[in-house]
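Please read the structure below before turning to the comments.
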Amino acid sequence: MKGYHMYFILLKVLVVIQTILIIFKLEKANHLTYVISDTMFKLSIGAFIIYFFLTTTIPGTEFHDMIVLYYAGVLLIFDAVYTGVPEILKHVGINPPSWMAVLN
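Going by my numbering, the first residue of the sequence shown is number 1, and it counts up by one from there.
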């Protein structure tokens, strides 16, 4: 198994464990460890999707299909930056920049 396989498996296991803890009300959904692991998972999957579809040619896939698939990675990264990062900054005691304040 390659290193990035282990990395993604570790992230998946962390998210599943923390989701179970939230379901059984042992942890809240805005707990710092959950927000960090969820943000890391979104950033990692988003970067992987962008890299994969920029470097791989899939037979039978047209250019506009590749753009839609590429955009999925971009949306995951935007979701992490606009929801996860401000929450992490608030937990640490730093006020997020004004451009991240779209949610408040």
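No residue lacks a Cβ here, since even glycine has one placed at the ideal position from N, Cα and C.
Exercise. Using DSSP with H/G/I as helix, E/B as strand and the rest coil, what is A29?
Worked result: coil
Exercise. Which first and last residues belong to the alpha helix (DSSP H) in which K90 is found?
Worked result: 85-92
Exercise. Can you give the beta carbon distance from E87 to V15, rounded, assuming they're within the 8 Å contact cut?
Worked result: Rounded, the Cβ-Cβ distance is 15 Å, inconsistent with contact.
For this session: Indicate the three-state DSSP secondary structure (helix, strand or coil) for F63 in the structure shown.
Result: helix
Exercise. My guess is that L43 and A72 are in contact by the Cβ rule of under 8 Å, so how many angstroms apart are they, rounded?
Worked result: Rounded, the Cβ-Cβ distance is 14 Å, inconsistent with contact.
Exercise. Cβ atoms of I45 and L75: under 7 Å apart, would you say?
Worked result: no
Problem set entry | Backbone secondary structure at T57 - three-state DSSP | coil
Problem set entry | Sequence-distant residues of the same chain with beta carbon closer than 6 Å to F53, five excluded per side | M66, L69, Y70
Exercise. Considering only the beta carbon of each residue, do A29 and I22 sit closer than 7 Å?
Worked result: yes
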